[in-house]
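**Q** The structure that follows is given in the form of structure tokens.
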Amino acid sequence: MAKNLLIVESPAKAKTINKYLGKDFTVLASYGHVRDLVPKEGAVQPEREFAMNYAVIDKNERHVDAIAKAAAKAEALYLATDLDREGEAISWHISEILRERGLLDGKDVHRVVFSEITPKAIKDAVEHPRELSLDLVNAQQARRALDYLVGFNLSPVLWRKVQRGLSAGRVQSPALRMIVEREDEIERFVPREYWSMDADVAHATQPFRARLLRLNGKKFEQFDLTNARDAHAARDALLAAAKGELVVSDVQSKERKRRPAAPFTTSTLQQEAARKLGYSTSRTMRLAQQLYEGIALGDEGVVGLITYMRTDSTHLSEDAVTELRDVIRRDFGAGSVPPAPNVYKTKSKNAQEAHEAIRPTSAMRRPASVASALSDEQRKLYELIWKRTVASQMQHATMNTVSVDMACGDASAFRASGTTVVDPGFLAVYEEGRDQKSAEDEDEGRKLPVLKIGDRLPLRDILAEQHFTEPPPRYSEASLVKALEEYGIGRPSTYASIIQTLLAREYVTLDSRRFRPTDVGRAVSKFLSGHFTRYVDYDFTAKLEDELDAVSRGEEDWVPLMHRFWSPFKSLVDEKIETVDKSEATGSRLLGDDPASGKPVSVRLGRYGPFAQIGTKEDEDKPRFASLRTGQSMHTITLEEALELFKLPRNLGPHPDGEDITVGVGRFGPFVKHGKVYASLKAEDDPYTIELPRALQLLQEKAEAAANRVIASFRDGAIQVLRGRFGPYITDGAKNARIPKDREPESLTEAECADLLAAAPDKPKRGSRFAKGKAKSDAAAPAAKKATAKKAAAKAPAKKAASDQAPAKKAATKKSAAKKVPAKKAAAKKAAAKRA
Numbered sequence: 006m007a008k009n010l011l012i013v014e015s016p017a018k019a020k021t022i023n024k025y026l027g028k029d030f031t032v033l034a035s036y037g038h039v040r041d042l043v044p045k046e047g048a049v050q051p052e053r054e055f056a057m058n059y060a061v062i063d064k065n066e067r068h069v070d071a072i073a074k075a076a077a078k079a080e081a082l083y084l085a086t087d088l089d090r091e092g093e094a095i096s097w098h099i100s101e102i103l104r105e106r107g108l109l110d111g112k113d114v115h116r117v118v119f120s121e122i123t124p125k126a127i128k129d130a131v132e133h134p135r136e137l138s139l140d141l142v143n144a145q146q147a148r149r150a151l152d153y154l155v156g157f158n159l160s161p162v163l164w165r166k167v168q169r170g171l172s173a174g175r176v177q178s179p180a181l182r183m184i185v186e187r188e189d190e191i192e193r194f195v196p197r198e199y200w201s202m203d204a205d206v207a208h209a210t211q212p213f214r215a216r217l218l219r220l221n222g223k224k225f226e227q228f229d230l231t232n233a234r235d236a237h238a239a240r241d242a243l244l245a246a247a248k249g250e251l252v253v254s255d256v257q258s259k260e261r262k263r264r265p266a267a268p269f270t271t272s273t274l275q276q277e278a279a280r281k282l283g284y285s286t287s288r289t290m291r292l293a294q295q296l297y298e299g300i301a302l303g304d305e306g307v308v309g310l311i312t313y314m315r316t317d318s319t320h321l322s323e324d325a326v327t328e329l330r331d332v333i334r335r336d337f338g339a340g341s342v343p344p345a346p347n348v349y350k351t352k353s354k355n356a357q358e359a360h361e362a363i364r365p366t367s368a369m370r371r372p373a374s375v376a377s378a379l380s381d382e383q384r385k386l387y388e389l390i391w392k393r394t395v396a397s398q399m400q401h402a403t404m405n406t407v408s409v410d411m412a413c414g415d416a417s418a419f420r421a422s423g424t425t426v427v428d429p430g431f432l433a434v435y436e437e438g439r440d441q442k443s444a445e446d447e448d449e450g451r452k453l454p455v456l457k458i459g460d461r462l463p464l465r466d467i468l469a470e471q472h473f474t475e476p477p478p479r480y481s482e483a484s485l486v487k488a489l490e491e492y493g494i495g496r497p498s499t500y501a502s503i504i505q506t507l508l509a510r511e512y513v514t515l516d517s518r519r520f521r522p523t524d525v526g527r528a529v530s531k532f533l534s535g536h537f538t539r540y541v542d543y544d545f546t547a548k549l550e551d552e553l554d555a556v557s558r559g560e561e562d563w564v565p566l567m568h569r570f571w572s573p574f575k576s577l578v579d580e581k582i583e584t585v586d587k588s589e590a591t592g593s594r595l596l597g598d599d600p601a602s603g604k605p606v607s608v609r610l611g612r613y614g615p616f617a618q619i620g621t622k623e624d625e626d627k628p629r630f631a632s633l634r635t636g637q638s639m640h641t642i643t644l645e646e647a648l649e650l651f652k653l654p655r656n657l658g659p660h661p662d663g664e665d666i667t668v669g670v671g672r673f674g675p676f677v678k679h680g681k682v683y684a685s686l687k688a689e690d691d692p693y694t695i696e697l698p699r700a701l702q703l704l705q706e707k708a709e710a711a712a713n714r715v716i717a718s719f720r721d722g723a724i725q726v727l728r729g730r731f732g733p734y735i736t737d738g739a740k741n742a743r744i745p746k747d748r749e750p751e752s753l754t755e756a757e758c759a760d761l762l763a764a765a766p767d768k769p770k771r772g773s774r775f776a777k778g779k780a781k782s783d784a785a786a787p788a789a790k791k792a793t794a795k796k797a798a799a800k801a802p803a804k805k806a807a808s809d810q811a812p813a814k815k816a817a818t819k820k821s822a823a824k825k826v827p828a829k830k831a832a833a834k835k836a837a838a839k840r841a
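In the numbering used here, the protein residues as written are 6 to 841.
In structure tokens form, the structure reads like this:
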């Protein structure tokens, strides 16, 4: 065993670094976070100065045990997790676990950080270690505690007032509010008509178009012409005034410089990869992680191709700049190298979290030279990063813009502009993408013929074109990330997870790569905005992020920050859970009256989604309900559209056995029904237009599928071997049992099935959030008791850490004990998966 143990987060990184450090080091991976707050109330204790109850994460127990085993034999521990706040927290958790187990007594503990995985960077980091930064750790603990307290206290309010199973998050909720408010803007938007006027100029060498600049002595504005009558009258007057020609009245030429964009930060990389490559934020970060951790490059071995991809900094090291200038000189000529390096100002105050921008570890590794070692997706992202970094250190581009004014009679004029590139500079390598083009962008690349004052230009025609203003666009991933950064909500490393949470919760959907809120998402956002206004306020959220950053810099203590947040927040939660009316919370909306019954028609959010209702609960007759169709929204549905929903269920006609077949819409979508048999409609089927022959076909397909599902049946169907979603299994209705790997399902006997069912764990009760975890802990109880006693005797007294109190030690012990029954745990997990 090597005398030094070095811990990183990922196995890929561990494998690469192990080759660099040699036989004196053993390099192991933590596989990300090793501990987290226990998933139940009381994990954060405000009354005990926000003491936190941690437990080893189930899936990482074996990795923690491997680290502990190696630490017992090592002389020194090197914690080399990522260089940001999250990485610092992971290193601290590892050291706390090992300290609690008595494995660090008399041993040196070093914290090492590096922003690139290259032999030089790794060896330099190991030779110059530092101590763990408790400021960074406390900032991360405060962030985790805040997220926990918001989630565990606000989510139950949503369950009671809006819909079961919902969640709220400290940062995800303001992000959702942005998307919902944009949708509200779009729905409120009223288009305005306007007309443009362009002159079609017939120059002998190069025809071109010019836009109207002045009309009747006044600067022409967007809404000066707002209807066809006025527009055509203006066109006729301009044609009459021009008398077939325009006269050049002014020519201006202006040279301007365009500077390159800064090298990538996490945020700008996510935005640009979305614009130029169509990558989601999570996809971009996954690919960047792979490039950072290392790619096998033939004789060079595994090499990290880019620096650390979670950063707010635009800074480049001196060595990197020197190499970039050499590459630029070789590839593009000395004229492309500016006299002095380009310097970019970093917005982030967190110097300890923002070491360098995202750049190639070596600019000498041009995209073409490594392309064969990369997947197509990796190659595209590496090329984007390489080009942006190289361009950032290149000479500015020089542009020449020519504007020509042309008189149309005495009181009106047109203008044409064109921009040509005098010296491309950095544009020879890279140009930053834009979400929307400006008028200047439209002129770029457009050349005008050489003109001088007094030239008379033949006028072919004047083109009057109708336009309508458009609503603001829905957010794309790029524009949402940009908005979050501008508002200071969250941090770049969290943007991908924010977006994934909103999608996973089905609060938003992606429609043509733009975010559209669902009815559930809108209900959640409206409820929080109306009743917890402060906690989804953009400024409040940004200020809290700034305070957490101040903790990471050692400028503020985290416990007073937590107290300031918790007391008013908890009081508001307690107040709202008692006072808010549920019908208001579910976004009830009155559409009008049903012509047939005269009763009110409304829409609201229910347990299974949005629905329409005729009547009220106060009526003598029960109200009628109908689920909204896919694509319909309770915020935009009309009375007529809602009434159509009540045409279901429809009677399609009789089955050959004489019993009627009906079609309706239920919790899981549209279906046809014959007796007690239900068959779901396919995507191409419409419940409002489907006819009897198609319904019979769907029922036949359902019958055939059901017949094929049964592999074997015993005791008149009391015990069955079935084909399930995750493979064959045995069931008696009360229990499910997995089939041994060495047996074919068709060969099982009744006795074997009965024995396997008897040995299978009971199904956890439905409806319990912790049923699965409870079943696991109950099964493990006898072993846990024995293991706890054994471990307690072996443990040295734990030292009190800055933000980890006694409960953490207790929880970690419980988790380790539960590990004694892996077979039962695995069986319960697999059975639950099959039932799903």
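Glycine included, every Cβ here is placed at the ideal spot set by N, Cα and C.
The structure displayed is predicted, hence computed values, not measured ones.
1) What is the DSSP secondary structure of Thr514, counted as helix, strand or coil?
2) With distance defined between alpha-carbon atoms, name the residue in Asp29, Gly614 and Leu274 nearest to Lys78.
3) State the beta-bridge partners of Gln50 as determined by DSSP.
4) What does the Cβ neighbour count give for Arg175, buried or exposed, with the cut at 16 atoms within 10 Å?
5) Identify the continuous beta strand (DSSP E) that holds Asn713 and give its terminal residues.
6) Rounded to a whole number of angstroms, what is the C-alpha to C-alpha distance between Gly559 and Glu550?
7) Exposed or buried, which one is Ala705 when buried takes at least 16 other CB atoms within 10 Å?
8) Pick out whichever of Asp747, Arg451 and Asp110 has its Cα sitting closest to the Cα of Gln211.
9) Just how far apart, CA to CA, sit Arg699 and Lys740?
10) Alpha carbon to alpha carbon, how far is Asn158 from Lys20? Give it in angstroms, no decimals.
11) Answer with buried or exposed for Met399, where buried requires no fewer than 16 other C-beta atoms within 10 angstroms of its C-beta.
12) With distances taken between CB atoms, is the gap from Phe68 to Tyr25 smaller than 7 Å?
13) Is the beta carbon of Val726 less than 7 Å from the beta carbon of Ala712?
14) Does the distance between the C-beta of Glu664 and the nearest non-hydrogen atom of the ligand COA fall short of 6 Å?
15) What's the gap between the Cα of Pro654 and the Cα of Ile666?
16) Would you say Val167 and Phe574 are within 7 Å of each other, going by their C-beta atoms?
17) Cutting at 8 Å between CB atoms, please list the residues of its own chain near Ala807, excluding the five before and the five after it.
18) How many angstroms separate the CA atom of Ala207 from the CA atom of Gly249?
19) Ordered along the chain, which non-local residues of its own chain (more than five positions away) have a Cβ less than 8 Å from that of Tyr842?
20) Looking at the structure shown, is Lys804 part of a helix, part of a strand, or coil, going by DSSP?
21) Within the region 139 to 184, note down every full beta strand (DSSP E) run reaching 3 residues or more, in order along the chain.
22) Between Thr546 and Gln145, what straight-line distance do the alpha-carbon atoms span, to the nearest angstrom?
23) Determine the burial state of Gly674: buried for a count of at least 16 other Cβ atoms within 10 Å of its Cβ, exposed for fewer.
24) Quick check on the DSSP output: the alpha helix (DSSP H) that includes Asp241 runs from which residue to which?
25) With DSSP run on the structure shown, which of helix, strand or coil describes Ser120?
26) Please determine, among Ile127, Ala759, Gly414 and Ala631, the residue with the shortest C-alpha to C-alpha distance to Val308.
27) Output yes or no for whether 7 Å exceeds the beta carbon distance between His98 and Val39.
28) Could you tell me the distance, in whole angstroms, from the CA atom of Gly495 to the CA atom of Phe676?
29) Taking the alpha carbon of Thr694 as the point to measure from, which residue in Arg539, Leu650, Val117 and Asp737 has its own alpha carbon closest?
30) Thinking just about the alpha-carbon of each residue, which of Asp113, Glu664, Glu198 and Cys413 is nearest to the one in Pro463?
31) When you compare each of Lys45, Glu475 and Ser287 to Phe194 by their alpha carbons, which one comes out closest?
32) Less than 6 Å between C-beta atoms, sequence neighbours within five positions excluded: which residues of the same chain meet that for His133?
33) What does the alpha-carbon distance come out to for the pair Asp747 and Arg728?
34) By how many angstroms is the C-alpha of Tyr480 removed from the C-alpha of Pro615?
35) Between which two residues does the beta strand (DSSP E) holding Asp665 run?
36) What separation, rounded to the nearest whole angstrom, lies between the Cα atoms of Ser15 and Tyr349?
**A** So, from the listed chains and residues:
1) strand
2) Asp29
3) Residue pairing of Gln50 in beta bridges, as defined by DSSP: Ala56.
4) Arg175 is buried by the Cβ-count criterion.
5) Not the beta strand (DSSP E): Asn713 falls in the alpha helix (DSSP H), residues Leu697 to Arg714.
6) 14 Å
7) One detail in the question is off: residue 705 reads as Gln in this sequence, not Ala. Classification of Gln705: exposed, given that the 10 Å Cβ count is below 16.
8) In terms of Cα proximity to Gln211, the closest of Asp747, Arg451 and Asp110 is Arg451.
9) 36 Å
10) 42 Å
11) buried
12) It is His, not Phe, that sits at residue 68 in the sequence shown. Not in contact: His68 and Tyr25 (Cβ atoms no closer than 7 Å).
13) no
14) Among the ligands in the structure shown, none appear at all, so the ligand COA cannot be discussed.
15) 10 Å
16) no
17) Reliability of the predicted coordinates at Ala807 is poor, the pLDDT of 37 falling under 50, and the value obtained from them is presented with this limitation in mind. Cβ within range, chain order: Leu139, Val142 and Asn143.
18) 10 Å
19) Lying outside 6 to 841, the shown extent of the chain, residue 842 is not represented and no answer is given.
20) For Lys804, the pLDDT reaches just 36, beneath the cut-off of 50, and the residue's location in the model is therefore unreliable, although a value from the coordinates is still provided. Of the three classes helix, strand and coil, the one that applies to Lys804 here is coil, per DSSP.
21) none
22) Straight-line Cα distance between these residues: approximately 16 Å.
23) exposed
24) Ala233 to Ala247
25) coil
26) Ile127
27) yes
28) Taking C-alpha positions only, Gly495 is separated from Phe676 by approximately 43 Å.
29) Looking only at Arg539, Leu650, Val117 and Asp737, the smallest Cα-Cα distance to Thr694 is reached by Leu650.
30) Cys413
31) Glu475
32) none
33) 17 Å
34) 24 Å
35) DSSP places Asp665 inside the beta strand (DSSP E), whose first and last residues are Asp665 to Gly671.
36) 32 Å
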